[in-house]
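2 protein chains.
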Amino acid sequence: MKKMILASTSTIYGSEYLEYLFPVIKNLFSNSKNILFIPYARPNGIPYKSYTNIVKDTFEQLNLSVFGIDDSNNPIENINRCDGIFIGGGNSFLLLDSIQRYNLIKPIIKKVNSGTPLLGTSAGTNICGISIGTTNDMPIVHPSSLKSLNLIPFNINPHYIDLIKGSKHMGESREIRIKEFHKFNNQIVIGLRERSYLQVQENNIILKGPNTARIFKKDYTPHEIEPEFNLNKLLY
Amino acid sequence: MKKMILASTSTIYGSEYLEYLFPVIKNLFSNSKNILFIPYARPNGIPYKSYTNIVKDTFEQLNLSVFGIDDSNNPIENINRCDGIFIGGGNSFLLLDSIQRYNLIKPIIKKVNSGTPLLGTSAGTNICGISIGTTNDMPIVHPSSLKSLNLIPFNINPHYIDLIKGSKHMGESREIRIKEFHKFNNQIVIGLRERSYLQVQENNIILKGPNTARIFKKDYTPHEIEPEFNLNKLLY
Chain H
0 MKKMILASTS TIYGSEYLEY LFPVIKNLFS NSKNILFIPY ARPNGIPYKS YTNIVKDTFE
60 QLNLSVFGID DSNNPIENIN RCDGIFIGGG NSFLLLDSIQ RYNLIKPIIK KVNSGTPLLG
120 TSAGTNICGI SIGTTNDMPI VHPSSLKSLN LIPFNINPHY IDLIKGSKHM GESREIRIKE
180 FHKFNNQIVI GLRERSYLQV QENNIILKGP NTARIFKKDY TPHEIEPEFN LNKLLY
Chain Z
0 MKKMILASTS TIYGSEYLEY LFPVIKNLFS NSKNILFIPY ARPNGIPYKS YTNIVKDTFE
60 QLNLSVFGID DSNNPIENIN RCDGIFIGGG NSFLLLDSIQ RYNLIKPIIK KVNSGTPLLG
120 TSAGTNICGI SIGTTNDMPI VHPSSLKSLN LIPFNINPHY IDLIKGSKHM GESREIRIKE
180 FHKFNNQIVI GLRERSYLQV QENNIILKGP NTARIFKKDY TPHEIEPEFN LNKLLY
């Protein structure tokens with residue numbers, strides 16, 4: 000029974016790291032004694048150890064015990080022995096490249112499909128989609144492929160943001176970028192706004208949080224879905 | 000004698016396509032009778048032909064004659080027979096991927112090094128740097144490598160934009176993204192704001208336009224350079 004929380008962002012404005020998700024995290028990991036943290040996305044380029052320590056300190060407030068995937072030299076073994084997984088945000092290219100290099104794609108998929116709860120934030124959410132082709136990040140490294148974990152049958156655009164009214168900036172809007180994506184890719188893209196997250200229970204993928212999400216389907220006009228909508232319906 | 004104009008954007012707010020660059024374009028192509036347009040970046044996913052027609056119509060106002068690289072089935076021959084090149088903006092991944100697929104990297108470099116003037120805008124500017132690793136675009140396709148034309152010894156971040164004061168959005172700022180880039184790459188990155196362009200004459204790379212540019216050098220604090228600064232100095 001697949002069980003995941005996939006959040007657009009780890010942190011909302013004016014709040015501490017993960018704070019707005021505390022009740023959700025507590026619930027997700029209610030039976031987890033040994034949560035694996037995957038720090039490969041390295042936000043700001045910080046070292047694995049520093050990133051893992053931030054997560055350890057934060058989860059301690061919830062009485063949850065975390066270890067880093069790099070705590071020993073055998074990441075696959077670490078995946079196999081954990082009973083919860085958190086993939087943190089940062090750079091999606093770097094995250095995917097690392098997961099590919101260490102051959103972790105299959106072990107993570109297997110673990111999650113067997114019922115181990117997974118939390119993703121930002122890049123960690125992005126990577127749970129079909130590909131990282133709708134990331135906002137810079138290609139600071141070059142993964143062998145953009146295909147990612149495919150744990151949900153969509154692509155995610157995290158930190159989705161509408162065109163800022165009155166902006167004089169001429170760089171492409173998020174919507175235009177996703178339109179370009181659909182010239183070469185077919186999967187539905189979920190524009191997941193900050194404060195939003197997907198609650199995945201097997202095939203049910205429920206939009207949670209206060210905001211609507213924007214749905215981009217190739218050759219269709221984008222539209223909004225309301226909180227509590229089951230994204231599973233988008234497939235039929 | 001290398002001769003290029005590399006602009007951050009094709010279009011500035013409240014102005015027509017390329018309009019603010021008209022005098023510069025006229026001067027750059029003053030001896031060009033047969034300007035090749037490379038539409039591969041396909042902004043908004045528009046077809047090559049439509050994109051080329053926009054450029055043809057625009058350049059006609061300047062009495063400049065343009066043909067598309069796809070006007071015949073031999074892009075390399077088209078490069079060889081032109082006497083001016085314009086690489087238009089759109090998606091940098093798509094642009095680089097197409098140039099790689101058609102084996103155009105070496106022919107373009109050779110042509111530009113022999114003195115054929117080149118205009119780049121946005122993705123077309125990005126691709127003239129060492130790599131496209133500092134693009135803002137989505138990876139809608141997956142080029143075999145991120146290495147690009149290397150016609151200037153820097154990476155460009157086009158449409159460079161400062162953090163918007165008071166923004167509550169938590170996605171990474173451009174500056175943080177470039178900082179992450181420098182954890183894995185060594186080249187200097189030029190944050191080129193809209194309305195700015197680089198005027199390249201052999202080894203002299205002069206910042207033009209009303210704005211300063213932001214310089215990112217690995218392990219150094221970013222700093223601004225003024226218009227008329229010769230970026231060549233950054234290398235020593």
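Protein sequence lines, in the order shown, are assigned to chains H and Z.
If you're matching positions, the first sequence starts at 0 in numbering that gives the first Met the number 0 and goes up one per residue.
If you're matching positions, the second sequence starts at 0 in numbering that gives the first Met the number 0 and goes up one per residue.
Positions of the beta carbon are idealized from the N, C-alpha and C atoms, including for glycine.
If you're wondering where the values come from, they're calculated on a predicted model, not measured in any experiment.
Looking only at G88(Z), N62(Z) and P116(Z), the smallest Cα-Cα distance to I78(Z) is reached by P116(Z). In terms of beta-carbon proximity, K178(Z) lines the interface with chain H, with at least one pair separated by less than 8 Å. Residues of chain Z with a Cβ closer than 8 Å to the Cβ of T133(H) are, in chain order, M137. V65(Z) carries a strand assignment under DSSP once its states are collapsed to helix, strand and coil. Annotation for F92(Z): I131, T134, D136, M137, P138, I139, V140, H141 and P142 place their beta carbon closer than 8 Å to its own, counting only its chain and skipping 5 residues before and after. Contact of K2(Z) with chain H is not assigned, every C-beta pair being separated by 8 Å or more. Using a Cβ-Cβ cut-off of 8 Å, V23(Z) does not count as an interface residue toward chain H, since no Cβ of chain H sits closer than that to its own. Residue I98(H) holds the alpha-carbon nearest to the alpha-carbon of I37(H) among S144(H), K207(H), G165(H) and I98(H). Counting every other CB atom within 10 Å of its CB across the protein chains shown gives H222(Z) a total below 16, marking it as exposed. Within its own chain, no residue has a Cβ closer than 6 Å to the Cβ of N52(Z) once the five positions on either side in sequence are excluded. Cβ-Cβ distances below 7 Å link T120(H) to A6, T8, S9, G87 and G88 in the same chain, with the five nearest sequence neighbours on each side left out; the list follows chain order. Bridge partners of K146(Z) according to DSSP: S130(Z).
Y219(H) is classed as exposed because its beta carbon has fewer than 16 other beta carbons within 10 Å across all chains shown.
At least one CB of chain H lies nearer than 8 Å to the CB of N184(Z). Proximity of chain Z to Y12(H) at the Cβ level (cut-off 8 Å) is accounted for by K167, H168 and M169, in chain order. In the DSSP assignment, G123(Z) falls within the alpha helix (DSSP H) that extends over A122 to N125. Taking C-beta atoms as the reference points, R176(H) and I160(H) fail to come closer than 8 Å.
In this structure, I24(Z) is the residue among S113(Z), I24(Z) and P74(Z) with its C-alpha nearest to the C-alpha of L61(Z). For V54(Z), there are no C-beta contacts with chain H under 7 Å, since the nearest C-beta of that chain is about 17 Å from it.
The beta carbon of F180(H) is closer than 7 Å to those of G132, T133 and V188 in its chain, skipping five residues each way along the sequence.
Following the DSSP letters along the chain, one finds I24(Z) inside the alpha helix (DSSP H) bounded by residues F21 to L27. Under the criterion of beta carbons closer than 8 Å, I34(H) and F85(H) qualify as touching, at roughly 6 Å. Distances from the alpha-carbon of D69(Z) to those of H158(Z), P22(Z) and K48(Z) put K48(Z) closest.
With respect to K178(Z), N43(H) sits close: the two C-beta atoms are nearer than 8 Å. With at least 16 other beta carbons inside 10 angstroms of its own, Y39(H) counts as buried. At a Cβ-Cβ threshold of 8 Å, I204(H) and E227(H) do not count as neighbours. Against chain H, the beta carbon of E193(Z) has neighbours under 9 Å at K167, H168, M169 and G170, listed in chain order. Taken in chain order, the complete beta strand (DSSP E) segments of 3 or more residues contained in the stretch 155 to 230 of chain H are 188 to 192, 196 to 200, 203 to 207, 212 to 215 and 222 to 224. Ranked by how close their Cα comes to the Cα of T57(Z), the residues V111(Z), S166(Z), S147(Z) and E15(Z) have E15(Z) in first place.
In this structure, the CA atom of R41(Z) is about 27 Å from the CA atom of P152(H).
Residues of the stretch 150 to 164 of chain Z with a Cβ closer than 7 Å to any Cβ of chain H, in chain order: H158 and I160. Chain-ordered, the chain H residues with CB closer than 7 Å to the CB of I175(Z) read N43. In this structure, the alpha-carbon of E225(Z) lies about 27 Å from that of V111(Z). Shown here, F36(Z) sits in a strand according to DSSP, grouped into three states. Residues of the stretch 75 to 105 of chain H with a C-beta atom less than 7 Å from some C-beta of chain Z are N90, listed in chain order. One finds M169 and G170 in chain Z with Cβ atoms closer than 8 Å to the Cβ of T8(H), taken in chain order.
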